[in-house]
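If you read the sequences in order, they're chains G and D.
Be aware that the first sequence starts at 1, since it is given in my numbering, and climbs by one per residue.
Be aware that the second sequence starts at 1001, since it is given in my numbering, and climbs by one per residue.
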Amino acid sequence: MKTKINPLIIITGLVIGIAAVVLALNGNPKNMGFCIACFIRDIAGTTKLHSAAPVQYFRPEIVGIVLGSLIAALASGEWRAKAGSSPALRFALGAMVMIGALIFLGCPLRMVIRMGGGDLNAFVGLIGFAVGILIGVVFLKKGFGLKRNYDTTNLDGFVLPIVLVVLFVAFYLAWPVLTQYVADVKANVEGAKNAAPFAISTAGPGSMHAPIIIALIAGLIVGALAQKSRMCMVGGIRDIVMFKNFNLILGFVAVFVAVLVGNIIFGGQGNVVKLNFSMQSQPVAHSDGLWNFLGMMIVGWGSCLLGGCPLRQLILTGEGNGDSAITVLGMLVGAAFAHNFGLAGGADPGLKEGVYTAYSFAKSNPNVPVVVVCIIIALLVISITNLKSEEK
Amino acid sequence: MLKKELKLIITFYTSSEAMATERVCKDNGIKGALISAPRNLTADCGISYAAEVADKEKIEGLLKDKKIEYEKILEMEV
C-alpha cells in the first residue's frame, strides 16, 4: 500500500519547530525550546518530587499541550474516556522511558531539535532511538500487545488534565512570591527564602523560560495540531519499518528543517543556538556516545511498546486516555527517580584552560550501568511476557 | 495525489490482534495488508488491516473462528 501524505503532519512539524525557536528566542534553554522529558522533569522538580535545584519550574508548555489536545478532541468529537490497558506496566514503561531520556538529556522531540542545532551527539541518540524502535517492532510483529482498554467514566478521562490545570493555577498564583525569591537570590540578599509551596530554579535550565503566556499559547497550538495530525516521533520510524508508510516521519523531518532554518536566521539571539555541527560544546548535552545511544535506545524501545512517544502520551491524555495519563505519571516519577538516584546525565563542562572536558558518567553517575542493564532486562521481560500466548 | 480505493478496514484494540489477523488472512489466501490506521478512524493501537471488500464475510468468519477481537470493521476509501 502506497503512502498517502497528510499535509497536516508537515504543518504540525513546521509549527513545532517554529515554536521551539520562538520559545528559545523568548528565554527557554538552548536547544530546548520544546522537550517533553525535560519539561516533565522540571515539573517534578517544582512540585518537590526531586530536589535537583537547576531543574525546577512548572512548564506551561506541558499544560498547554494537554489542554490543546483536549480542546481539539472535544471540538471534533474524538474525546473519549477510556482506560484499563495494563496500567501498572504502562506506569513502569513511562518511568523507564523517562530515565532513558534523562540519561541522553532529552526526549525524541528535543533530540530532533538538538539535531537542528548541529549537535552530533543527537545523531548518535537517533541511531540508538531507531535501534530501540526496531527491537520494539520485532516484538510487535511477533504479537506483542498490552491488554486492550475499555470505556470508563468521563471524569476518569479528565483527571490528569484537571490536576495539571489546578497545579498550574496554584503555581501562577505563587508566581509573585517565586519571582521575588529568584530576584533576592540573584541580588545576594541575605536570608533569601522561598515562601511559596513550589520550588524554583535560580540558575540552570529551570531558571530559563519564556514568558508564561507565550509558553502556554505555544503548548496549546502544538497540542491541538498534534492531536489532529497524530504527530508521533516513534510512530514515524515504526510506520516506515512496518508498513513502508512515510507519512508520520515527515513531521519528524519538518521539525528538523524548521529548527535548522530558525537557527540559521536567529542564531545568537535570545537562547537560539548558532548552528555548530560538532559533538563538543553543545548546550545541555554531553558527548558520551555510549550513554547517548543506550539512553535513546531505551526511549525508542519503551515508547514502541507503549504505542507512542512522550509527546504522543500527552496528546492521548488530552483525548481522555487514562492509560496515557498513567504513563505520564510514570514519566513524572521516573524523572524524580532519575534525579534522586543520580541517573540523569549532565552537560559537558566544556573548555577549561584550553582543554575540553567531557561529562563523566563514571564519576557522576556510577549507578547508571547497573540501572540501564536492569531496564533493558525489564523491557525484554515485558516484551516477551506480553506476546500473544499462541505466538510465544 | 494517489487515487483513493474502496477497501475493507478493520481496526483493533491491540497490535497483537492486528498481527494475528494478518497472519490468519495470509494463511487463508486472503489478500490484505497492515496499515497505519486512517486519520478519520480511531484505532487504539494505531494499526489497522486493509483488505478487499469482497472478502468481508470470509474475514469476519475467520476472526470469529480464531476469537480475534477487533474494534470496527467497515468499508471506506483509503
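Note that beta-carbon positions come from the ideal geometry of N, C-alpha and C, so glycine has one too.
Mind checking whether residue i and residue j have CB atoms under 9 Å apart?
i              : j              : result
M331 (chain G) : M98 (chain G)  : yes
L379 (chain G) : I326 (chain G) : no
V182 (chain G) : T202 (chain G) : yes
L305 (chain G) : F139 (chain G) : yes
A199 (chain G) : T46 (chain G)  : yes
A19 (chain G)  : I221 (chain G) : yes
R230 (chain G) : L248 (chain G) : yes
D151 (chain G) : K82 (chain G)  : yes
N149 (chain G) : S85 (chain G)  : yes
I382 (chain G) : L93 (chain G)  : yes
R90 (chain G)  : L134 (chain G) : no
G270 (chain G) : G27 (chain G)  : yes
N194 (chain G) : V177 (chain G) : yes
L216 (chain G) : V63 (chain G)  : yes
I65 (chain G)  : L314 (chain G) : yes
A174 (chain G) : P197 (chain G) : yes
A37 (chain G)  : G132 (chain G) : no
S51 (chain G)  : G318 (chain G) : no
L160 (chain G) : L14 (chain G)  : no
L387 (chain G) : F144 (chain G) : yes
Excluding the five sequence neighbours on either side, which residues of its own chain have a C-beta within less than 6 Å of the C-beta of residue i, listed in chain order?
i               : result
F293 (chain G)  : V124 and G128
T1021 (chain D) : Y1049 and I1068
I375 (chain G)  : M96 and I298
G117 (chain G)  : N31, N263 and V273
A344 (chain G)  : L102 and A338
Q56 (chain G)   : G45, T46, A199, I200, S201 and G206
E1071 (chain D) : T1011, F1012 and Y1013
Got a sec? Which residues, its chain only, sit under 7 Å from residue i by beta carbon, not counting five neighbours each side?
i              : result
I264 (chain G) : L275
G236 (chain G) : L248, I249, G251 and F252
R238 (chain G) : I133, V137 and C304
Beta-carbon within less than 8 Å of residue i's beta-carbon, same chain only, minus the 5 sequence neighbours each way: which residues are those?
i               : result
V272 (chain G)  : V21, A24, L25, K30, G262, N263 and F266
E1075 (chain D) : L1006, K1007, L1008, I1009, V1053 and K1056
V1078 (chain D) : K1004, E1005, K1007, I1009, I1035, P1038 and A1050
L8 (chain G)    : L225, K228 and S229
Roughly how many angstroms separate the alpha carbons of residue i and residue j, rounded to a whole number?
i               : j               : result
E391 (chain G)  : R1023 (chain D) : Low confidence applies to E391 (chain G): its pLDDT is 45, below 50, so where it sits in the model is not reliable enough to give any reading.
A95 (chain G)   : F337 (chain G)  : 8 Å
E1005 (chain D) : S1048 (chain D) : 16 Å
F34 (chain G)   : G346 (chain G)  : 18 Å
V372 (chain G)  : G295 (chain G)  : 8 Å
K1056 (chain D) : A1037 (chain D) : 18 Å
V257 (chain G)  : G17 (chain G)   : 8 Å
T385 (chain G)  : E1017 (chain D) : 16 Å
K1064 (chain D) : I5 (chain G)    : 34 Å
F104 (chain G)  : L126 (chain G)  : 11 Å
L167 (chain G)  : A285 (chain G)  : 29 Å
L1041 (chain D) : M233 (chain G)  : 20 Å
K142 (chain G)  : G342 (chain G)  : 36 Å
A224 (chain G)  : I71 (chain G)   : 7 Å
M279 (chain G)  : L260 (chain G)  : 16 Å
K1031 (chain D) : C1025 (chain D) : 7 Å
D119 (chain G)  : V165 (chain G)  : 34 Å
P205 (chain G)  : R59 (chain G)   : 11 Å
Y1013 (chain D) : G307 (chain G)  : 12 Å
I1100 (chain D) : V368 (chain G)  : No answer is possible for residue 1100 (chain D): the residues shown for chain D start at 1001 and end at 1078.
A241 (chain G)  : G334 (chain G)  : Checking the sequence shown, residue 241 (chain G) turns out to be Val, not Ala. Roughly 29 Å separates the two Cα atoms.
P108 (chain G)  : R114 (chain G)  : 10 Å
A130 (chain G)  : E78 (chain G)   : 30 Å
N245 (chain G)  : S281 (chain G)  : 36 Å
D288 (chain G)  : N365 (chain G)  : 12 Å
A358 (chain G)  : L351 (chain G)  : 9 Å
E61 (chain G)   : K48 (chain G)   : 19 Å
P283 (chain G)  : S360 (chain G)  : 16 Å
Given a limit of 8 Å on CB to CB distance, which residues of the stretch 1010-1024 of chain D reach chain G?
Y1013, T1014, S1015, S1016, E1017, M1019 and A1020
Can you pull out the residues from the stretch 1061-1072 of chain D whose beta carbon lies closer than 8 Å to at least one beta carbon of chain G?
Within the stretch 1061-1072 of chain D, the qualifying residues are E1069.
Quick one: which residues of the stretch 233-256 of chain G get their C-beta closer than 8 Å to a C-beta of chain D? List them in chain order.
G235, D239, M242, F243, N245, N247 and L248
Residues in the stretch 25-42 of chain G having any Cβ partner in chain D nearer than 7 Å:
none
Contained alpha helix (DSSP H) runs [length at least 4] in the stretch 66-132 of chain G, N- to C-terminal order:
87-104 and 108-116
Quick one: which residues of the stretch 118-146 of chain G get their C-beta closer than 9 Å to a C-beta of chain D? List them in chain order.
L140, K141, K142, G143, F144, G145 and L146
Residue ranges of each alpha helix (DSSP H) within the stretch 148-221 of chain G, 4 or longer
154-186
Between the stretch 354-370 of chain G and chain D, which residues of the former have a C-beta closer than 9 Å to a C-beta of the latter?
none
Cβ-based contacts, 8 Å cut-off: residues of the stretch 305-316 of chain G near chain D:
Taking 8 Å as the Cβ-Cβ cut-off against chain D, the residues of the stretch 305-316 of chain G that qualify are G307 and G308.
Could you list the residues in the stretch 82-93 of chain G with a C-beta less than 7 Å from some C-beta on chain D, going in chain order?
Hits within the stretch: zero.
In chain order, what residues of the stretch 147-164 of chain G put their CB closer than 8 Å to some CB of chain D?
For chain D, the residues of the stretch 147-164 of chain G that bring a beta carbon within less than 8 Å of one of its beta carbons are K147, R148 and N149, in chain order.
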